[in-house]
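Read through the structure below, which is laid out as structure tokens, and then see the notes.
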Amino acid sequence: MEPSIVIKNLTKIYKIYGRSWHRVADLFTNRKRYRDFYALKDMTLTIPKGEALGILGKNGAGKSTLLKIITGVTAPTRGEVTVNGSISALLELTSGFDPELSGMENIYLKALAMGIQKKDMDRQVDKILEFADIGDYIHQPVRTYSSGMKSRLGFAISVNVDPDVLIVDEVLAVGDDVFRLKCIEKMEEFKDQGKTILFVSHSLFTVKSFCNKCVWIKDGQMMEYGPTEDVMVRYETYLKEERAKEREQKRLKSDEKLVVMGKEDLLSYENFQLLDPKGEPTTRFAYGQDISFSFDYHVKKEFRDLYWCFTLRDAETNEIYGSPKQSEHHQVSPEPGIHHIRATIKKPGLLPGKYLLSGELRDSRGALHFGYANKVPFEVESDVFLGTGLVYMDHEYENGV
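Position 214 of the sequence shown, counting from 1, maps to 214 under UniProt numbering, and the rest follow consecutively.
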């Protein structure tokens, strides 16, 4: 059986100019005033018929560029794409729509663009109208449509022209849940018929449940291709690492702002310690043991008010619990001078594992906040197995009817 799509050494390069006039000047001189941006770089991939392929990647990775080349909207710089069969693509909500024409007129306009004769489209119109379910709006100009209505009409057209290859790019992100379910059911029907589907979505759950294969694109390059479960494991690991980097960059920028704003001249802190029930410094706690911590803070300029709060996170920095930020029980002295705080988390119920504690002092307006602890690591230990997860749930049961 011949493949549905064959991609060989596909590369797409865009010229990025520093200034708008550089583009014009480039026409009359030999001087290079642009830099090359590789939207896709030397991609080779064969997609069999009947495959539901999820295309993964962050914004700007090259997913949409790949789909535009496959559909013929954009030409490649190098390489080639061979498509065996007809394609129906929904790349953008307004793709192929004339905003001044009615929905009905746009149905035939898109048919013309896809090379479908009017008599053939006449036989599909009722199915399109039933699927789109936008009522009398079908006779109104598309510019009056909401994004959800445009998505409904665009998807209805794409799935009712009986293509060999269906391409869907993020359009299910709009519209109500009922319509999204109808779209997924229609795509399942296509898959059962042995048609090829290329599906782009930031909903990893939807990709997992629908696609049997995935390709992961990063910075224009194909990183992984294979069964969805295998590719998804590596992609989700990558996303976690990227989120951790972003959080660290934000923290560093926040620290830079503290220095620039001179917050040390307003308030400082020192002597932060995690403490066991005896008041001894530690970073190891037995399961069920109270977790205490203490620190000193030095108010150098009087505040209107001041509150303390803390956050517990797991080793992956996912938040487990964050205390109220403006509770009267968390109000502390805003008077100039050195003050001491000791707090205790009573029987937290954290299961054995590694955790992080962060905390800050802040005013009620949220204009000023001072971190007194930044992801301080500690461990919870136990000699017995208490269950899986992060927090123990006390439970009981009765045996019998």
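The beta-carbon is built from N, C-alpha and C at its ideal position, and this holds for glycine as well.
Measuring straight from C-alpha to C-alpha, what distance separates residue i and residue j?
| i | j | result |
| --- | --- | --- |
| glutamate 2 | alanine 111 | 27 Å |
| glycine 262 | serine 294 | Reliability of the predicted coordinates at glycine 262 is poor, the pLDDT of 49 falling under 50, and the value obtained from them is presented with this limitation in mind. Distance between the alpha carbons of glycine 262 and serine 294 is about 24 Å. |
| glutamate 280 | aspartate 290 | 12 Å |
| glycine 353 | aspartate 383 | 12 Å |
| isoleucine 184 | serine 292 | 51 Å |
| valine 161 | valine 200 | 20 Å |
| asparagine 30 | alanine 113 | 39 Å |
| valine 260 | phenylalanine 272 | Since pLDDT at valine 260 reaches only 41, below the 50 mark, its modelled position is unreliable, and no value is offered. |
| glycine 79 | isoleucine 7 | 8 Å |
| phenylalanine 310 | tyrosine 321 | 8 Å |
| tyrosine 238 | aspartate 136 | 47 Å |
| leucine 90 | valine 125 | 18 Å |
| asparagine 374 | histidine 202 | 31 Å |
| isoleucine 5 | glycine 57 | 20 Å |
| arginine 19 | arginine 35 | 12 Å |
| residue 414 | glycine 62 | Lying before the first or after the last residue shown, residue 414 is absent from the chain, which here runs from 1 to 401. |
| leucine 109 | lysine 68 | 19 Å |
| valine 81 | lysine 213 | 19 Å |
| serine 358 | phenylalanine 370 | 11 Å |
| serine 323 | lysine 300 | 26 Å |
| threonine 282 | proline 48 | 58 Å |
| residue 454 | tyrosine 307 | There is no way to answer for residue 454, as the model of the chain reaches only from 1 to 401. |
| arginine 349 | aspartate 394 | According to the sequence as given, residue 349 is glycine; it is not arginine. Cα to Cα, glycine 349 sits roughly 9 Å from aspartate 394. |
| methionine 149 | glutamate 302 | 56 Å |
| phenylalanine 37 | phenylalanine 28 | 22 Å |
| threonine 317 | glutamate 248 | 11 Å |
| glutamate 256 | histidine 339 | Caution applies to glutamate 256, whose pLDDT of 48 falls short of 50 and renders its modelled position unreliable; the value that the coordinates give is listed next. For glutamate 256 and histidine 339, the distance between alpha carbons rounds to 26 Å. |
| asparagine 9 | threonine 74 | 16 Å |
| serine 209 | threonine 344 | 44 Å |
| aspartate 122 | arginine 180 | 26 Å |
| tyrosine 17 | lysine 250 | 29 Å |
| proline 336 | aspartate 305 | 12 Å |
| tyrosine 297 | tyrosine 355 | 24 Å |
| isoleucine 13 | aspartate 265 | 51 Å |
| glutamate 229 | methionine 187 | 20 Å |
| glycine 106 | aspartate 98 | According to the sequence provided, residue 106 is asparagine. The question's glycine does not apply to it. If I take the Cα positions, the gap works out to 7 Å. |
| leucine 351 | leucine 386 | 7 Å |
| leucine 390 | arginine 313 | 10 Å |
| residue 403 | leucine 275 | Residue 403 cannot be examined here, being either before or after the span of the chain that is shown, 1 to 401. |
| glutamate 242 | isoleucine 217 | 15 Å |
What residue range is occupied by the uninterrupted alpha helix (DSSP H) comprising residue i?
| i | result |
| --- | --- |
| residue 407 | Nothing can be reported for residue 407, as the shown portion of the chain is limited to 1 through 401. |
| asparagine 106 | 103-113 |
| phenylalanine 131 | 125-132 |
| methionine 121 | 118-122 |
Using the DSSP secondary-structure output, state which residues sit across from residue i in a beta bridge.
| i | result |
| --- | --- |
| glycine 273 | Residue identity differs from the one stated: residue 273 is glutamine in this sequence, not glycine. Paired residues: Ser294. |
| isoleucine 7 | Leu45, Val81 |
| leucine 386 | Answer by DSSP bridge pairing: none, since leucine 386 is not bridged. |
| arginine 284 | Glu379 |
| proline 141 | Ser102 |
| valine 391 | Leu350 |
| valine 299 | Leu267, Gly337 |
Starting from residue i and walking both ways along the beta strand (DSSP E), at which residues does that stretch end?
| i | result |
| --- | --- |
| aspartate 169 | 165-169 |
| isoleucine 197 | 196-200 |
Quick one: is the Cβ of residue i within less than 6 Å of any heavy atom of the ligand SAH?
| i | result |
| --- | --- |
| leucine 204 | As presented, the structure is devoid of all ligands, the ligand SAH included, so that no description of it is given. |
Contiguous beta strand (DSSP E) assignments of at least 3 residues, all confined to the stretch 306-381: 307-314, 319-322, 337-345, 353-362, 369-381
Taking contact to mean 3 or more Cβ pairs, one atom from each stretch, closer than 8 Å, check whether the stretch 98-109 and the stretch 139-147 are in contact. yes
Could you tell me which uninterrupted alpha helix (DSSP H) segments, each at least 4 residues in length, are contained entirely in the stretch 203-267, listed from first to last along the chain? 204-210, 228-261
For a minimum of 3 consecutive residues, which ranges assigned as the beta strand (DSSP E) are wholly contained in the stretch 13-93? 34-47, 52-56, 78-83, 87-90
Could you check whether the stretch 381-397 touches the stretch 329-342, counting it as contact only if at least three pairs of C-beta atoms, one from each stretch, sit closer than 8 Å? no
Would you call the stretch 163-170 and the stretch 193-210 in contact, with 3 or more CB pairs under 8 Å? yes
Counting beta carbon pairs with one atom in the stretch 34-50 and one in the stretch 217-227, are three or more of them shorter than 8 Å? yes
Does the stretch 122-132 come into contact with the stretch 149-161, if we say contact requires no fewer than three beta-carbon pairs (one atom in each stretch) closer than 8 Å? yes
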